[in-house]
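First the structure, in the form of structure tokens, and then the observations on it.
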Amino acid sequence: MKTWKKRTNAVHAGIRRSQYNEVSEAIYLTQGFVYDTAEDAEARFIKAGEDEFIYARYGNPTVAMFEDRIAALEGAEAGFATASGMAAVNGALTSILKAGDHVVSARALFGSCLYILEEILTRYGVEVTFVDGTDLAAWQAAIRPDTKVVFFESISNPTLEVIDIAEVSKLAHAVDATVVVDNVFATPVYSKAVAQGADVIIYSATKHIDGQGRALGGVILGTEDFIRKTVEPYMKHTGGAMSPFTAWIMLKGLETMDLRVRAQTATALYVAQGLEGDGTLSSVIYPGLASHPQHSLTNAQMGAGGTVLAIDAGTQEAAFKLLNALDIWTISNNLGDAKSIVTHPATTTHQRLSDDTKAMLGITPGLLRLSVGLEDCDDLLDDLRDAINGL
Ligand SMILES: *Cc1c(COP(=O)(O)O)cnc(C)c1O
């Protein structure tokens, strides 16, 4: 087959048509599949062929369409779809690791990712070393000959640190460690993570892939060998599979994701530029701004700053006042949605962290994470400006 570019793959890759030759992907809402004979059932349990399914926890035609489409889009050999982004993070890490293994992870992580690394993996005898992900010397010092996995978010949540996938992958591969990247903030639109050296790429499909705040989902992407031999046996027996209905939502989401993410990114830059230099805010953090410490890395790695920015109102009191004065921006904790969403990480997504950890991660009392949606860019900026002027 001819190789297609991302936008063509996002619309056409992975299609499996039924005998009716439908245009839009069919939803196969079935958990099971019928075998013509006892011998057929036996043969399929020994080895299922390309278009043969056994049970929806193992795989389903609608889910397979989503897996094949997102894998093609990312340039990965294969994917396994999961019930949520966290099922993907947990499935990828737990299926690779065993007691005694060593992991090096960036410290700036989504709260639930941090919980898996800090609380769950360590309970099963995995040793985890945390580093400042933007410091290559720190990665080099922490990675050991016995390091099995290196884990990071390519842009961290919520402080928007950008991690050098190519350089960290080189250090990891020198000791044969597997590089696992949670790539939510980069989105499949701007990701070149396979070419840059990532071995395993994870998306929370809940974010930009759905992009309309409807369903939870996730996906683990990697080589055919890794997905079939490491991830699939773990996932199919532990039950973190994506539902066929969710897979259909995500398939339709992929068709419009490129347009949405590029529009949201353009507005994020517009809003960041509009707020930068505002005397009331103590900072505006956006990887697409020249003032961002990893701005040139962002350009080389992704070519754009993404759909999320952060601002610091100075104090929790000012942050709350700002939040409560907004008309268009919704107070919630999703991101990548068509609706613009604002979050106060210190009291919500990262509430459980100690004050010291929050301070170390840059999660200050006044920090607000802004996920830019599809509304008019001037309306969004005006809404923020009005709220800021009221401080
Ligand atoms: C949201 C998010 C997750 C978790 O995804 P869910 O679909 O909510 O389980 C993991 N990592 C990052 C970076 C996220 O933003």
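First residue of the sequence shown? That's 1082 in our numbering, and the numbers climb one at a time after it.
The beta-carbon is built from N, C-alpha and C at its ideal position, and this holds for glycine as well.
Keep in mind that this is a model prediction, so the values were computed, not measured.
A direct Cα-Cα distance of roughly 44 angstroms separates Ser1421 from Ala1129. Inclusion of Gly1320 and Asp1418 in the CB contact set at 8 angstroms is not warranted, their separation being larger than that value. In this chain, the alpha helix (DSSP H) harbouring Ile1469 covers Cys1458 to Asn1470. Residue environment analysis places Glu1106 among the buried positions, since at least 16 neighbouring C-beta atoms fall within 10 angstroms of its C-beta. Taking C-beta atoms under 8 angstroms as the contact rule, Gln1277 and Ile1246 qualify, at a distance of about 4 angstroms. Leaving aside the five residues that flank Leu1462 on each side, the residues in its chain whose CB is nearer than 8 angstroms to its CB run, in chain order, Tyr1351, Val1352, Gly1355 and Leu1356.
Here Asp1121 is exposed: its Cβ has fewer than 16 other Cβ atoms, across all protein chains shown, within 10 Å. Secondary-structure assignment with DSSP links Gly1303 through a beta bridge to Ala1159. Between the alpha carbons of Lys1251 and Leu1302 lies a distance of about 19 angstroms.
Minimum Cα-Cα distance from Phe1233 among the listed residues Val1453, Cys1458, Leu1195 and Glu1200 corresponds to Leu1195.
Under the DSSP assignment, Asp1263 falls in the beta strand (DSSP E) whose first and last residues are Thr1259 to Asp1263. Between the region 1200-1211 and the region 1234-1242 there are fewer than three C-beta pairs closer than 8 angstroms, too few to call the two in contact. By the Cβ criterion, the region 1132-1142 is not in contact with the region 1254-1273, since fewer than three pairs of Cβ atoms, one from each stretch, lie closer than 8 angstroms. The residues Ser1363, Asp1393, Ala1394, Gly1395, Thr1396, Gln1397, Ala1399 and Ala1400, in chain order, have a CB closer than 8 angstroms to that of Gly1447 in the same chain once the five nearest residues on each side in sequence are set aside. By the CB criterion at 8 angstroms, Met1146 and Gly1095 fall inside the cutoff.
The Cβ atoms of Glu1313 and Phe1161 sit closer than 8 angstroms to each other. Taking non-hydrogen atoms of ligand 1 into account, the C-beta of Ser1165 is found less than 7 angstroms away from one of them.
Assignment of beta strand (DSSP E) within the region 1310-1371, counting only whole runs of 3 or more residues, yields 1364-1366 in chain order.
Under the criterion of beta carbons closer than 8 angstroms, Asn1415 and Gly1294 qualify as touching, at roughly 6 angstroms. Note that the C-beta distance between Ile1224 and Ala1253 is below 8 angstroms. In the DSSP assignment, Phe1211 falls outside any alpha helix (DSSP H) and lies within the beta strand (DSSP E) extending over Glu1208 to Val1212.
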